[in-house]
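Enquirer: Sequence lines, in order, name chains S and U.
Just so you know, the first sequence maps onto residues 1 to 436 in the numbering used here.
Just so you know, the second sequence maps onto residues 437 to 579 in the numbering used here.
The C-beta atom is built at its ideal place from N, Cα and C for all residues, glycine as well.
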Amino acid sequence: MLTFDFITLLIYIVHLILQILSIFFVLCVKTMFSVESVRSDFPILSSEVNGKSLIYLDNAATAQKPDCVIQAVNQYYRKENSNIHRGVFYLSEQATTAYESTRDLVADFLSAEKSSEIIFCKGVTEGINLVANGFSRSILKEGDEVLISEMEHHANIVPWQIACGQTGAILKIIPVLEEGSLDMDAYKSLLSEKTKLVAIVHVSNALGTINPVKEMIALAHAQDIPVLVDGAQSAPHMEIDVQDLDCDFFVASGHKLFAPTGVGMLYGKESWLERLPPYQSGGDMIEKVDFGGTTYKGLPGKFEAGTPNISGVIGLRSAIHYLNDLDRFGASTHEQSLLGKATAALNEIDGLRIIGTTRNKASVVSFVFDEIHAHDVGTFLDAGGISVRTGHHCTMPLLKRFKVPATARASFSFYNNESDVNALIEALHKMKVFFG
Amino acid sequence: MIEDKLKELYQEFLLKHSKAPLYYGKLPVFTHHAEGFNPICGDAITVYLNLEGRQIKAVSFESASCSICNASASMMLQEINLKALNQVLQYYSSFETLLINEEFSEEVVNLSEEFEAFLGLSKFPARKACALLPWETLKKALK
Numbered sequence: 001m002l003t004f005d006f007i008t009l010l011i012y013i014v015h016l017i018l019q020i021l022s023i024f025f026v027l028c029v030k031t032m033f034s035v036e037s038v039r040s041d042f043p044i045l046s047s048e049v050n051g052k053s054l055i056y057l058d059n060a061a062t063a064q065k066p067d068c069v070i071q072a073v074n075q076y077y078r079k080e081n082s083n084i085h086r087g088v089f090y091l092s093e094q095a096t097t098a099y100e101s102t103r104d105l106v107a108d109f110l111s112a113e114k115s116s117e118i119i120f121c122k123g124v125t126e127g128i129n130l131v132a133n134g135f136s137r138s139i140l141k142e143g144d145e146v147l148i149s150e151m152e153h154h155a156n157i158v159p160w161q162i163a164c165g166q167t168g169a170i171l172k173i174i175p176v177l178e179e180g181s182l183d184m185d186a187y188k189s190l191l192s193e194k195t196k197l198v199a200i201v202h203v204s205n206a207l208g209t210i211n212p213v214k215e216m217i218a219l220a221h222a223q224d225i226p227v228l229v230d231g232a233q234s235a236p237h238m239e240i241d242v243q244d245l246d247c248d249f250f251v252a253s254g255h256k257l258f259a260p261t262g263v264g265m266l267y268g269k270e271s272w273l274e275r276l277p278p279y280q281s282g283g284d285m286i287e288k289v290d291f292g293g294t295t296y297k298g299l300p301g302k303f304e305a306g307t308p309n310i311s312g313v314i315g316l317r318s319a320i321h322y323l324n325d326l327d328r329f330g331a332s333t334h335e336q337s338l339l340g341k342a343t344a345a346l347n348e349i350d351g352l353r354i355i356g357t358t359r360n361k362a363s364v365v366s367f368v369f370d371e372i373h374a375h376d377v378g379t380f381l382d383a384g385g386i387s388v389r390t391g392h393h394c395t396m397p398l399l400k401r402f403k404v405p406a407t408a409r410a411s412f413s414f415y416n417n418e419s420d421v422n423a424l425i426e427a428l429h430k431m432k433v434f435f436g
Numbered sequence: 437m438i439e440d441k442l443k444e445l446y447q448e449f450l451l452k453h454s455k456a457p458l459y460y461g462k463l464p465v466f467t468h469h470a471e472g473f474n475p476i477c478g479d480a481i482t483v484y485l486n487l488e489g490r491q492i493k494a495v496s497f498e499s500a501s502c503s504i505c506n507a508s509a510s511m512m513l514q515e516i517n518l519k520a521l522n523q524v525l526q527y528y529s530s531f532e533t534l535l536i537n538e539e540f541s542e543e544v545v546n547l548s549e550e551f552e553a554f555l556g557l558s559k560f561p562a563r564k565a566c567a568l569l570p571w572e573t574l575k576k577a578l579k
């Protein structure tokens, strides 16, 4: 009897182990990154441009949308459309729940402490304008300093130029070194008791450089200086933890995160958002309106005047679910491998020079030819179905620093594959012959 | 064929003009000049003119621009050099018409035939701004 029981027990244990292993296996297979599998999630990737299969290498400008995002927006307008925070009827309650639950989802996505620290906006440009406007009206005084870098996107330059112009504050610039990284010694010496804010790009859209923002934030905080991080290019490529970074503000755009255009997120530490005055005003941001005086909502409502981009937020919700289900480590490893292959192959082309050669880069590569203008490069590649960005990438001061009027830029997402890289390189070789 | 379509845009002598543009450099003496800039692509050009009364006596340009813009500048200056101002303005409107109508019609016959090369731009609408930039800069210089 004893032997029988032992054998039953053994079979049972082996069975259990096999079951656990099979569950583990299924989980692994389900989440393991596969480029061909993710490609099928993006309908546009099977379309044609100029009679050629689309090879989309302009992901730093905007990312393509997975089918689930397109369907979510479609579904909202077909079956769920109504305004939020207004009616007591079914659809409005549904829309309000969907909108507010996305705030919770974004808070988790950025590892924020509270959902009320997430403000929906149009994108990075509006997010930075909101903060710059608040600083201009309530923080900055004559002689104060705002510190940005030479590699900022215009969206993180112009709002500060205006804020400084309005207050008499001075805009200070962290220089960029030859390989495309920030001059950290200069940064340290530029921080002073006059500095009221550091506004810095996490990943350069023009060069791909990943800046050491955590270290920069610690250095600024040592002198009680708040830091805004422009995460337009970092959020699509890496996991963001605003509490670990300890940034005071973080902004990202939905459309670069596979969500629709016109929606984005601003994270602000509660204490800072409380301190800043409302940005835009009108409906929905108020508590009580009276001609004798108006009171505003608390966070986050204070910063969301008027009917927001509800369908955009619904699309964003779907995009974040998509990213949460993705093996992001695998995706990022894949992007880095594409960057490595592209960089090596570009370096083999005579007369081509890569701008931005620092080691720590996101999957963005900018290049120029001695003899061929970037604009001609762009047209030639487009004729072969290859979309790259050409021009100054909204970083004119940075291009001036590198003494080039324009660059061609290929930026890879996780849905790009090796044949996209090969097609780019092959077309560039053909182009050299063409313009010979 | 992609190459065929591209060859329509980058016709031989457009490329020739772009690689060895005429009137390149800064005039030692000039009465008018202007800078033109295309904020979308970063093309930048400066046009210099030396006028005596209403007569153009010398022309030149400097640029950091694409081949279409350089070729256009080179051909434009060849066309307007030593001409009277009222003729220059006619050339400007002819060139604009050529780009809009996308044909070398009677309205634009005062331009040399070689400007027909710009009809290749009809398949590349985004590049029309490149061809127009030298002309807009010329107009700015004359204001």
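1) What do you get for Lys30 of chain S, buried or exposed, if any count of 16 or more other CB atoms within 10 angstroms of its CB means buried?
2) Check whether the Cβ atoms of Ser454 of chain U and Asn517 of chain U lie closer than 8 Å to each other.
3) Using C-beta distances below 8 Å, list every residue in its chain close to Ala163 of chain S, excluding the 5 sequence neighbours before and after it, in chain order.
4) Which whole-angstrom value is the C-beta distance of Tyr56 of chain S and Gln64 of chain S, which I expect to be below 8 Å?
5) From Asn522 of chain U to Val545 of chain U, what does the alpha carbon distance come to, in whole angstroms?
6) Run through DSSP, which three-state label would Arg317 of chain S get?
7) Please name the residue, chosen from S:Glu274, S:Asp248, S:Asn205, S:Tyr187, that lies closest to Cys437 of chain S on a Cα-to-Cα basis.
8) Can you list the residues of chain S that Ile481 of chain U reaches, using a CB-CB cut of under 8 Å?
9) Three or more C-beta pairs under 8 Å: does that hold for the stretch 86-101 of chain S against the stretch 233-249 of chain S?
10) From which residue to which residue does the alpha helix (DSSP H) around Phe109 of chain S run?
11) For Ala303 of chain S versus Asn59 of chain S, is the C-beta spacing smaller than 8 Å?
12) Taking the DSSP output, what are the residues bridged to Ser181 of chain S?
13) So, is Ile7 of chain S buried or exposed, given that buried needs 16 or more other C-beta atoms within 10 angstroms?
14) In this structure, does DSSP put Cys121 of chain S in helix, strand or coil?
15) When the Cα atoms are used, what is the spatial distance from Phe266 of chain S to Gln526 of chain U?
16) Going by alpha carbons, who is nearest to Val483 of chain S out of S:Ser311, S:Ser318, S:Gly312, S:Ser387?
17) Applying the 10 Å Cβ sphere with the 16-neighbour rule, what's the burial state of Val289 of chain S?
18) Whose C-alpha, out of S:Thr125, S:Ser149, S:Leu45, S:Met216, is nearest the C-alpha of Cys247 of chain S?
19) Rounded to the nearest angstrom, what separates Ser253 of chain S and Leu191 of chain S at their Cα positions?
20) Could one say the Cβ of Gly391 of chain S lies closer than 8 Å to chain U's Cβ atoms, at least one of them?
21) Whose CA, out of S:Lys403, S:His375, S:Gly384, lies closest to the CA of Leu565 of chain U?
22) Could you run through the stretch 439-451 of chain U and flag, in chain order, every residue whose CB is less than 8 Å away from some CB of chain S?
23) Check whether the Cβ of Phe554 of chain U lies closer than 8 Å to any Cβ atom in chain S.
24) For a cutoff of 8 Å on Cβ pairs, would you count His202 of chain S as touching chain U?
25) Could you check which residue in S:Ser116, S:Tyr322, S:Leu171 has the C-alpha nearest to that of Phe258 of chain S?
26) Determine the DSSP secondary structure at Val49 of chain S, reduced to helix, strand or coil.
27) Is it buried or exposed, Asp185 of chain S, if we count other Cβ atoms within 10 angstroms and call 16 or more buried?
28) What three-state label does DSSP hand Asp5 of chain S in the structure shown?
29) Got a sec: is the Cβ-Cβ distance from Ala456 of chain U to anything in chain S below 8 Å?
30) Note down, one range per segment and in chain order, each beta strand (DSSP E) of at least 3 residues found wholly within the stretch 378-417 of chain S.
31) Given that Ala500 of chain U touches chain S, what residues does it touch there, using C-beta distances under 7 Å?
32) Please classify Ala408 of chain S as buried or exposed, where buried requires at least 16 other C-beta atoms within 10 Å of its C-beta.
33) Counting only the same chain and skipping the five closest in sequence on each side, list residues whose C-beta sits under 6 Å from that of Ala43 of chain S.
34) Check whether the Cβ of Gly489 of chain U lies closer than 8 Å to any Cβ atom in chain S.
35) From the DSSP output, read off the bridge partner residues of Leu209 of chain S.
36) Name the chain U residues whose beta carbon is nearer than 8 Å to that of Asp244 of chain S?
Expert: To lay it out plainly:
1) The predicted model places Lys30 of chain S with a pLDDT of 48, which falls under 50 and marks its position as unreliable; any figure quoted below should be read in that light. Lys30 of chain S should be labelled exposed.
2) No.
3) Ala132, Asn133, Phe135, Ser136, Leu140, Val146, Ala169
4) 6 Å
5) One Cα belongs to Asn522 of chain U, the other to Val545 of chain U, and the distance between them is close to 16 Å.
6) helix
7) Because chain S is modelled from 1 through 436, residue 437 of chain S falls outside the range shown and cannot be assessed.
8) By Cβ distance, chain S contributes nothing, its closest Cβ being about 10 Å from Ile481 of chain U, past 8 Å.
9) no
10) 90-109
11) Here residue 303 of chain S is Phe; the residue named in the question, Ala, does not match the sequence. Not a contact, by the Cβ cut-off of 8 Å.
12) The partner list for Ser181 of chain S (beta bridge, DSSP) is empty, contrary to what the question assumes.
13) Around the beta carbon of Ile7 of chain S, a 10 Å sphere encloses fewer than 16 other beta carbons of the protein chains shown; the residue is thus reported as exposed.
14) strand
15) Checking the sequence shown, residue 266 of chain S turns out to be Leu, not Phe. Each residue's alpha carbon lies about 53 Å from the other.
16) The displayed coordinates of chain S run from 1 to 436. Any statement about residue 483 of chain S would go beyond what the structure contains.
17) exposed
18) S:Met216
19) 28 Å
20) yes
21) Note that residue 565 of chain U is Ala in the sequence shown, not Leu. The shortest C-alpha separation from Ala565 of chain U is found at S:His375.
22) Glu439, Lys441, Leu442, Leu445, Tyr446, Leu451
23) It does not: the Cβ of Phe554 of chain U has no partner Cβ on chain S nearer than 8 Å.
24) His202 of chain S does not count as touching chain U.
25) S:Tyr322
26) strand
27) exposed
28) helix
29) Contact of Ala456 of chain U with chain S is not assigned, every C-beta pair being separated by 8 Å or more.
30) 389-391, 407-411
31) Pro405
32) So Ala408 of chain S counts as buried.
33) The question names Ala, but residue 43 of chain S is Pro in the sequence shown. Contacts found: Asp67.
34) no
35) Note that residue 209 of chain S is Thr in the sequence shown, not Leu. Beta-bridge pairing by DSSP links Thr209 of chain S to S:Lys361.
36) Neighbours of Asp244 of chain S on chain U: none; closest Cβ ~37 Å, over 8 Å.
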